[in-house]
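Take a look at the structure below.
Protein chains in written order, with the numbering used here: chain A, 1 to 486; chain B, 487 to 842.
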């Protein structure tokens, strides 16, 4: 390989057929005289612009487009040299760092010697060691392109905002399950909004046996084993539901507060009494109508109950998880949109309540397709305000444009699976922790289950990794009509 | 210039192997390797210069304004063409390294086939140029003493070697094909250092013996009629047609072994000087051109077979790079870049490679 050009932090390197390099590979451009080396990542590969190649290709085609047949008598065997030159490629590389001695700096301000520099592939394990991508809480994500393991540190997800995105069936949920299981393995508290009911069997192996996570997976299905008694509800949490999920106007919310306090003082916080109180409350008819409609929404959700004994409390699960680590799976499958929003608001409100009062230290929130149950403006709240309370969110989506740009800008880690759609790539490329060229070039060519990992987990050295398989019952398979056709 | 080199004949293409004529490629390889041995561990300057030797001498002739109208004859006929090319790929302290390649193309049963010989690389120096040429000429031209009569310019040596290869290819084709049309690049003028009259006569004789017709197309001509180049001022007739010429008398020792025509074979402003073997009957000459029209694809009045021969033998830029790569690798040459005085003195106002 020979250094050809440097423009900004882009290096162009001439590579010959016997030198194999692929997108995502890291190269070390070493200038021995300068005592420094550049670490660059291949983000694109092109044919080298070799004079005469077009002529060479065209001359084998006579008029009419049929290939001319013939023989070459090449006594000196020049042809392999021609092929060698013709097959030379140009590697477009992004400079990621400068290494001087043992020190890595994110600098690309110096120019290595074009004639004297040596260029070689930088093995991923060496890079990981140089970048100190390790830690005391390792999570084995999978294997890199050179078959070496990629291990990230669980603490690099702590306090961070993560995004897992990619098109359908590329392995997003699989990775989120892997991260989630590893986090609870290290004693973390995890809350999962499970939109498709695919997390509830994570306590089982693929052949149906209990695994080590069995006791740590707590599945809460709204209106079934997950109901809330009004008496156990905090007014702020319920107001959150009414205002954010059911869009109750401010005036009506004030009246509701009064009704609630009135019932609470009389120890009559039941659904029936709440309905009666609204019916008999002296207030504007419009306010009463507004309150009634929300009341019926609450009742119809089946999520609220008056029987405290039969309910499974979110708090109990969270406290249990707090002790030894665990995941509370909120199973939102078969739940209507409005009920989903009610449940999510409740869970988030409850989490904030527990975190504010320091009953919980912190929680990792995994939100699949969050745009389906959270108001758009609410996302900012999750990634900013709730972050300070100790809710560290991981968004999982195949519609990256549903996540607002300011969230991408704040994302600490992005796990990017294949996207072929230019628009989707454009959206993801706005993330602050990565350059657009890398995202657009590498993500487009990722095979299924390969993930471009960006951000703090890899110390800003983008890595392509094949996510390892999990021996758990994933339940994420698409139901097929022609499943047994072959 | 167009030059052609035949390939080693294969039964696959119905080309016989006349043992006497296979000497030249063998000699080329031997001499190529021999000369390259003298260049080991040397330096090489890669700057290229075009080797051209334009012939500015003009002749005045007359044109018969009455055209010979032509009608394509689709009787299945094999059409073959040869061409060779050469290029200087570098300079050494003692000489030049040049490459020579030749191609034979033939159209049979509506399909084009080719055989390409080379590239042959030579390290030509002032010391070895005469011996090199003499050896090749002896192997092919069989003219032991002719060589001494002409000066040998070092820069013209690649051209000379390519010419020998071309002549050998032409002869091979005339000896191996039957009932075919053989297209040559250039004219049927003989008596020059590279084209001895006897050799050209033998070539044409061989062709006639096997009922082949030799047609020579010149891309450039200096022949003028009434002050105009014969290919420029043509009467308004619908192509394809040919015009006869009269009065061309080459100066001895050069002789003309063909009848000279101006051929305009397709629409458009393209016409070529066409030489057809003088010794064949007029009807056969016309029939040959008509068979060419009926069997080959003609674009801009030029036969595709001949065009392909030219294309296949010329060197592309990446081939030149590859040959430079080959020589530097195999003979441990060190590339040097001598300063270009034109560029040094005149900068962008000097001539030379603007992209360098």
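Beta carbons: idealized from backbone N, C-alpha and C, even for Gly.
With a CB to CB cut of under 6 Å and the five nearest residues on each side skipped, what residues in its chain are close to residue i?
i                      : result
residue 168 of chain A : 398
residue 458 of chain A : 133
residue 373 of chain A : 340, 341 and 344
residue 565 of chain B : 593, 667, 781, 782 and 791
residue 542 of chain B : A caution first: residue 542 of chain B carries a pLDDT of 48, below 50, which makes its placement in the model too unreliable to give a value.
residue 16 of chain A  : 88
residue 525 of chain B : 578, 609 and 817
residue 354 of chain A : 360
residue 156 of chain A : 456 and 457
residue 109 of chain A : none
Which residues in chain B have a C-beta closer than 8 Å to the C-beta of residue i? List them in chain order.
i                     : result
residue 84 of chain A : 808 and 811
residue 56 of chain A : 802, 804 and 805
Taking C-beta pairs closer than 7 Å, name the residues in chain A that residue i reaches, listed in chain order.
i                      : result
residue 803 of chain B : 51 and 52
residue 602 of chain B : 70, 72 and 73
residue 515 of chain B : 75
Please state whether the Cβ-Cβ distance between residue i and residue j is less than 8 Å.
i                      : j                      : result
residue 43 of chain A  : residue 437 of chain A : yes
residue 249 of chain A : residue 277 of chain A : no
residue 570 of chain B : residue 623 of chain B : no
residue 598 of chain B : residue 794 of chain B : yes
residue 36 of chain A  : residue 100 of chain A : yes
residue 600 of chain B : residue 784 of chain B : no
residue 119 of chain A : residue 27 of chain A  : yes
residue 588 of chain B : residue 604 of chain B : yes
residue 114 of chain A : residue 14 of chain A  : no
residue 347 of chain A : residue 330 of chain A : yes
residue 305 of chain A : residue 237 of chain A : no
residue 651 of chain B : residue 514 of chain B : yes
residue 575 of chain B : residue 728 of chain B : no
residue 616 of chain B : residue 640 of chain B : no
residue 144 of chain A : residue 137 of chain A : no
residue 656 of chain B : residue 568 of chain B : yes
Please name the residue, chosen from the options, that lies closest to residue i on a Cα-to-Cα basis.
i                      : options                       : result
residue 726 of chain B : B:732, B:709 and B:758        : B:758
residue 720 of chain B : B:576, B:741, B:789 and B:747 : B:747
residue 370 of chain A : A:139, A:153, A:165 and A:16  : A:165
residue 82 of chain A  : A:128, A:98, A:50 and A:111   : A:50
residue 275 of chain A : A:266, A:295 and A:257        : A:295
residue 742 of chain B : B:731, B:728 and B:764        : B:764
residue 415 of chain A : A:279, A:394, A:405 and A:25  : A:394
residue 812 of chain B : B:558, B:554, B:607 and B:577 : B:607
residue 384 of chain A : A:156, A:411 and A:302        : A:411
residue 511 of chain A : A:236, A:251 and A:231        : Examination of residue 511 of chain A is not possible in this model, given that chain A is present from 1 through 486 alone.
Quick one: does residue i have its CB under 8 Å from some CB of chain D?
i                     : result
residue 76 of chain A : The chain labelled as chain D is not found among the protein chains of the depicted structure, namely A and B.
Please work out which residues of its chain come closer than 8 Å, Cβ to Cβ, to residue i, disregarding the five sequence neighbours upstream and downstream, and give them in chain order.
i                      : result
residue 539 of chain B : With a pLDDT of only 43 at residue 539 of chain B, under 50, the local geometry of the prediction cannot be trusted, and the value read off the model is given with reservation. If we look at residue 539 of chain B and ignore the five residues flanking it on each side, its Cβ neighbours are 642 and 645.
residue 467 of chain A : 141, 142, 171, 174, 175, 178, 449, 450 and 451
residue 116 of chain A : 31, 32 and 33
residue 733 of chain B : 546, 547 and 548
residue 407 of chain A : 161, 163, 379, 380, 383 and 395
Using a cut-off of 9 Å between C-beta atoms, extract the partners of residue i located in chain A.
i                      : result
residue 520 of chain B : Going along chain A, no residue has its Cβ under 9 Å from residue 520 of chain B, so there is no contact; the nearest lies around 13 Å.
residue 819 of chain B : Those within 9 Å of residue 819 of chain B in chain A number zero; the least Cβ separation is about 14 Å.
Closer than 7 Å by C-beta to residue i: which residues in its own chain qualify, once you throw out the five before and the five after it? Chain order, please.
i                      : result
residue 283 of chain A : 255
residue 445 of chain A : 23
residue 425 of chain A : 419, 439, 440, 443 and 444
residue 242 of chain A : 248, 253, 256 and 294
residue 427 of chain A : 400 and 401
residue 557 of chain B : 776
Output, in chain order, the set of chain A residues within a Cβ distance shorter than 8 Å of residue i.
i                      : result
residue 605 of chain B : 74, 76 and 78
State the CB to CB distance for the pair residue i and residue j, rounded to an integer number of angstroms; the pair is presumed to be in contact (CB under 8 Å).
i                      : j                      : result
residue 744 of chain B : residue 702 of chain B : 6 Å
residue 57 of chain A  : residue 195 of chain A : At roughly 51 Å, the Cβ-Cβ gap does not stay under 8 Å, so residue 57 of chain A and residue 195 of chain A are not in contact.
residue 789 of chain B : residue 669 of chain B : 6 Å
residue 610 of chain B : residue 521 of chain B : 7 Å
residue 489 of chain A : residue 391 of chain A : There is simply no residue 489 of chain A to check, as chain A begins at 1 and stops at 486 in what is shown.
residue 430 of chain A : residue 405 of chain A : 5 Å
residue 152 of chain A : residue 325 of chain A : 18 Å between Cβ atoms; not a contact.
residue 94 of chain A  : residue 435 of chain A : 6 Å
Note down, in chain order, every chain B residue with its Cβ under 7 Å from the Cβ of residue i.
i                      : result
residue 449 of chain A : None at all; the shortest Cβ gap to chain B is about 39 Å.
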